[in-house]
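Chemist: The structure follows.
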Amino acid sequence: MLPAVVAALGWTAFTVVYFDSSSLHRLSGLLKMYDYTGYTVTLRQMPPGEDYRAMFKDLKRSGETFFLVDCPFERLNEVLVQLQQCGLLVDPYCFFFTNLDLSTLDLSPFRYGGANITGVKLVSAAQPLIGLQDDVDDDLEDGTQAEAQAPTAMRLQAALFHDGVRLVGHALQQLAPHALATRPMACNASDSWEHGASLFNFIRTSEVRGLSGLLRFDHRGRRSSVLVELLELAEDGTHSLGFWNTTEGLNMTRARPRSPGGYLAAQNPIFFNKTLTVLIAMTQPYSMLKEASKKLSGNEQYEGFGVELIDELARMLGFNYTFVVQEDGNYGTCDPDDGTCTGMMAEVNEGRVDLAIVDLTITSDRESRVDFTTPFLSLGIQVLYRKPTKLPPSLMSFMSPFSNEVWLLMTAAYTGVSLLMFVMARISPYEWNNPYPCVEEPEELENQFSLRNAFWFTIGSIMQQGSEIAPIGASTRIAASIWWFFTLIMVSSYTANLAAFLTVESQYKRISSAEDLADQDYIKYGAKRGGSTLTFFRETTNPVYRKMYAQMMEWDAAGEPVLQHGNEEGLDKVAASDDYAFFMESVAIEYMMERNCNVTSVGSSLDEKGYGIAMAKNAPYRSALSAGVLRMQETGRMMEMKDKWWKNKRGGGACIGPTVTDVNELNMDNVGGVFLVLVSGSVLAIFVAVAELALNVYRTAVKEKLSFRDEFLEEVRFIRKWSGSVKPVRHLRIGEETKAGSPDSGGGTPGDGDTPEKQRQGLLS
């Protein structure tokens with residue numbers, strides 16, 4: 001049965017999702033039809049457990065749209081729910097479930113997604129199942145038992161069990177007239193019941209009508225009168241597509257739409273039993289000959305994005321199609337003045353073909369004589385050029401992580417913080433220390449933050465090194481902490497960005513846009529001769545592009561090979577030299593970049609246009625085809641097909657590698673905040689330094705009973721000298737020390753009468 005059903009569905013390549021090894025045994029007849037020389041059949045076993053979403057997501061990424069599912073009834077509902085969660089119960093996916101109990105499930109939640117869900121069920125050959133309800137009730141011995149389940153919701157297992165019991169009972173009734181004698185028998189005895197063979201013969205030759213149909217067996221003991229109904233789930237419920245039986249095979253009673261979007265076919269009866277002639281050209285990836293181990297014929301010998309697009313529309317709208325090839329590959333143009341067309345456009349305009357599909361650009365000239373569907377791909381003209389060469393590293397590349405502005409501001413910050421430390425150290429009284437701790441009452445104090453030491457301290461922080469200079473005052477410590485924070489952020493940012501610069505090699509870009517080509521004369525450029533791209537340059541109102549068109553015509557008149565006969569020629573010329581650029585559609589450039597790693601696109605698109613399916617003017621099926629294209633775009637099917645033929649098939653993905661992006665130098669937009677923190681901290685440190693000075697002067701004035709104003713101005717006068725790291729101690733109490741150490745007191749020591757300077761030198765000696 002399965003081979004006939006799959007053939008009727010039109011599936012030539014599909015994926016089998018099975019539960020266990022018993023599923024493969026049931027599908028063996030189908031799998032024998034598909035060997036390695038024919039179409040591809042993929043086998044995917046359901047993982048253990050009850051979560052199949054990971055596998056379903058893999059199936060979605062594979063691009064396959066036809067799935068045959070064999071799983072137990074207990075898993076059916078969960079499988080459907082998870083398929084819906086993974087976005088597979090939508091147009092254009094098709095599912096055929098082999099379980100004969102599919103119709104007993106509540107399928108209403110899965111009607112509206114757009115996917116085509118087909119299944120089978122076992123039916124009675126002579127009467128509806130509902131008519132056997134009375135037979136079921138009569139077979140129940142206890143009339144007080146709960147009412148039997150309605151046959152319309154009865155599972156096949158229960159129906160077969162009922163039929164088996166009924167068949168054995170019927171056989172025993174036929175055997176009863178022979179006066180059966182009963183005698184006890186051991187279960188493990190080697191002998192058999194003497195009436196067993198007779199009972200088996202009565203079973204095999206009996207004809208009994210049961211819930212699963214007429215019970216009739218052939219000479220091999222197999223049922224010979226099985227009737228299976230083929231069902232399709234639609235938005236308004238399930239519909240019968242046909243019947244299969246063991247004698248006549250499959251009989252389709254209703255024309256089946258070829259796609260999950262069957263409602264579109266119902267809305268467009270013009271396609272019913274209609275075969276369209278579709279004109280194609282051998283252009284990658286739209287139309288190509290299949291790579292097969294045996295010779296193919298008819299539609300089966302072609303594949304590609306355009307071929308698959310027509311096939312999807314045919315399944316969606318319910319029409320048949322025949323491909324014919326434009327041998328010269330000329331897409332053609334139309335003259336709106338005299339109405340003449342050439343190439344593929346002439347075949348469509350003159351009615352020799354119904355449709356034409358390839359990378360046909362929708363232009364006003366072509367639309368003057370033929371109609372197009374809604375664009376199935378949107379694109380624009382871009383520049384195909386050889387990938388930029390890598391530049392050798394610069395001698396000053398270590399400067400690259402920061403912009404020049406940041407470097408200048410860092411230098412200014414270093415200078416400013418150094419001077420600030422010097423000034424605050426002179427202001428703060430806590431930075432003036434006794435240079436000789438042995439002298440309890442020194443006459444002079446020293447400051448460690450001389451101008452040279454201040455610059456050394458700040459440069460040591462930048463270089464992540466110590467300087468043996470430690471600030472003491474609160475103000476200088478605040479300034480130092482803010483500076484350390486600043487250097488921490490800047491050094492870390494520099495290191496990180498330098499690592500990025502070292503791993504990414506700079507590239508020399510000779511051009512970065514189409515306008516750059518117009519402003520130079522060392523790179524020639526061109527387009528496809530007679531194509532829509534050249535037409536764009538000829539008819540544009542942009543003065544830059546008109547200048548480029550005139551230049552291309554001048555080169556062509558001079559014999560320069562700038563205009564090519566096809567995109568492949570343009571690709572070869574671009575890949576061979578960096579002195580030539582080629583204008584072509586962006587989607588074609590994407591396709592080439594997936595397979596040719598030494599070319600790239602340059603700049604943005606010059607215009608906006610689209611590819612469409614061409615047909616005769618005022619063709620009655622234009623709206624239906626456009627609706628089908630829009631449907632595929634809305635469901636994401638169009639993008640899936642594009643990824644399949646651009647990135648996966650026929651060498652796609654050859655240039656996949658780590659994405660290398662340009663590394664930008666850090667400017668003030670990136671590090672401006674840390675400069676703001678540095679300035680704010682420095683201002684705070686200045687206020688603290690002034691407060692320290694004022695507090696110290698106040699304490700001295702109170703202690704010495706002096707004027708605060710005079711003392712403060714005296715300190716300011718000393719600070720304003722900006723020279724020297726030695727500060728004389730004012731208000732020194734030397735009189736008491738002299739008295740304590742005089743000869744009259746008997747406690748004098750040599751040198752007591754000397755000056756303080758001489759006393760210090762004596763102590764040092």
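Just so we're aligned, residue 1 is where the sequence shown starts under full-length UniProt numbering, counting upward by one.
All C-beta atoms, glycine included, are put in the ideal place defined by N, C-alpha and C.
What runs of the alpha helix (DSSP H), each 4 residues or longer, lie entirely inside the region 450–492?
Modeler: You should have 451–462.
Chemist: With a 10 Å radius around its C-beta and 16 neighbouring C-beta atoms as the bar for buried, classify Arg166 as buried or exposed.
Modeler: With 16 or more other Cβ atoms within 10 Å, it is buried.
Chemist: For Pro728, which of helix, strand or coil comes out of DSSP?
Modeler: Residue state, collapsed to three classes: strand.
Chemist: Count the other CB atoms within 10 Å of the CB of Trp484; is the residue buried (16 or more) or exposed (fewer)?
Modeler: Per the 10 Å Cβ criterion, exposed.
Chemist: Given this structure, state the Cα-to-Cα distance separating Ser601 from Asp579, to the nearest angstrom.
Modeler: Answer to the nearest angstrom: the Cα atoms are 15 Å apart.
Chemist: Hey, how far is the Cα of Gly49 from the Cα of Tyr112?
Modeler: In a straight line, the C-alpha of Gly49 is about 28 Å away from that of Tyr112.
Chemist: Hey, out of Trp407, Arg386 and Ala479, whose CA is closest to Val417's CA?
Modeler: The option with the nearest alpha carbon to Val417 is Ala479.
Chemist: Tell me, which residues are paired with Cys86 by DSSP?
Modeler: Cys86 pairs with nothing; no bridge assigned.
Chemist: Using a Cβ-Cβ cut-off of 7 Å (strictly less than) and excluding sequence neighbours within five positions of Val79, which residues of its own chain qualify?
Modeler: Excluding residues within five positions, the ones whose Cβ falls inside 7 Å are Tyr52, Val69 and Cys71.
Chemist: Which first and last residues belong to the alpha helix (DSSP H) in which Tyr698 is found?
Modeler: Counting along the chain, the alpha helix (DSSP H) containing Tyr698 begins and ends at Met668 to Glu704.
Chemist: Determine the burial state of Gly366: buried for a count of at least 16 other Cβ atoms within 10 Å of its Cβ, exposed for fewer.
Modeler: Note that residue 366 corresponds to Arg in the displayed sequence, not to Gly. By the neighbour-count rule (16 or more Cβ atoms within 10 Å), Arg366 is buried.
Chemist: Just list the alpha helix (DSSP H) runs in the region 385–432, keeping only unbroken ones of 4 residues or longer that don't cross its boundaries, in chain order.
Modeler: List check, alpha helix (DSSP H) in window: 404–427.
Chemist: When the Cα of Val677 is compared with those of Arg637, Leu488 and Tyr525, which residue comes out closest?
Modeler: For the residues Arg637, Leu488 and Tyr525, the minimum Cα distance to Val677 belongs to Leu488.
Chemist: Near Met553, what residues of its chain come up, given a Cβ to Cβ distance below 6 Å and the 5 sequence neighbours on each side ignored?
Modeler: Answer for Met553: no residue qualifies.
Chemist: Could you check the C-alpha separation between Ser240 and Met632 for me, to the nearest Å?
Modeler: Their Cα atoms are separated by approximately 27 Å.
Chemist: In terms of residues, what are the limits of the alpha helix (DSSP H) holding Lys721?
Modeler: No alpha helix (DSSP H) holds Lys721; DSSP gives it neither H nor E.
Chemist: Can you name, in chain order, every residue of its own chain whose Cβ lies under 7 Å from the Cβ of Ile686, other than the five neighbours on each side?
Modeler: Only Met424 meet the Cβ criterion.
Chemist: Just list the residues that DSSP pairs Tyr525 with in beta bridges.
Modeler: Answer by DSSP bridge pairing, in chain order: Ala581.
Chemist: Distance check for Ser513 and Ala616, CA to CA, integer angstroms please.
Modeler: Going from the Cα of Ala616 to the Cα of Ser513 covers about 38 Å.
Chemist: Assign Arg426 to buried or exposed, taking buried as 16 or more other Cβ atoms, counted over all protein chains shown, within 10 Å of its Cβ.
Modeler: Its Cβ being crowded by 16 or more others within 10 Å, Arg426 is buried.
Chemist: Does DSSP put Thr42 in a helix, in a strand, or in coil?
Modeler: Reduced to three states, the DSSP call for Thr42 is strand.
Chemist: Can you look up Glu443 in the DSSP assignment and give me helix, strand or coil?
Modeler: Looking at Glu443 - three-state DSSP - the assignment turns out to be coil, as it is neither helix nor strand.
Chemist: Between Gln45, Pro109 and Asn116, which has its C-alpha nearest Cys94's C-alpha?
Modeler: Checking every option, the nearest Cα to that of Cys94 belongs to Asn116.
Chemist: Pick helix, strand or coil for Ser206, following the three-state DSSP scheme.
Modeler: Residue state, collapsed to three classes: coil.
Chemist: Please report the distance separating the alpha-carbon of Phe110 from that of Phe97.
Modeler: When rounded, the distance between both Cα atoms is 14 Å.
Chemist: How far does the beta strand (DSSP E) with Met252 in it extend, from its first residue to its last?
Modeler: Here the beta strand (DSSP E) through Met252 covers Gly249 to Met252.
Chemist: By a C-beta neighbour count over all protein chains shown, 10 Å radius and 16 as the cutoff for buried, is Ser400 buried or exposed?
Modeler: By the neighbour-count rule (16 or more Cβ atoms within 10 Å), Ser400 is buried.
Chemist: What residues are listed by DSSP as bridge partners for Leu233?
Modeler: Bridge partners of Leu233: Ile117 and Thr238.
Chemist: Hey, could you find the ends of the alpha helix (DSSP H) Gly570 is sitting in?
Modeler: Asn567 to Ala576 is the span of the alpha helix (DSSP H), which, as asked, contains Gly570.
Chemist: Name the DSSP beta bridge partners of Arg223, please?
Modeler: Arg223 pairs with Phe217.
Chemist: Given 8 Å as the limit, is there contact between the region 346–366 and the region 277–288, that is, 3 or more CB pairs closer than that?
Modeler: The region 346–366, when compared against the region 277–288, does touch it at the 8 Å Cβ threshold.
Chemist: Return yes when the Cβ of Phe449 is within less than 8 Å of the Cβ of Phe486, no when it is not.
Modeler: Cβ distance not < 8 Å, so Phe486 and Phe449 don't count as in contact.
Chemist: Starting from Gly610, trace the beta strand (DSSP E) in both directions and tell me its first and last residue.
Modeler: Lys609 to Tyr611 is the span of the beta strand (DSSP E), which, as asked, contains Gly610.
Chemist: Based on the DSSP secondary-structure assignment, which residues constitute the bridge partners of Met615?
Modeler: Its beta-bridge partners are Leu355 and Asp371.
Chemist: Expressed to the nearest angstrom, what Euclidean distance is found between the alpha-carbon atoms of Tyr385 and Thr238?
Modeler: Computed Cα separation, rounded: 56 Å.
Chemist: Would you mind stating whether Gly63 and Glu640 have Cβ atoms separated by less than 8 Å?
Modeler: For Gly63 and Glu640, yes; Cβs fall inside 8 Å.
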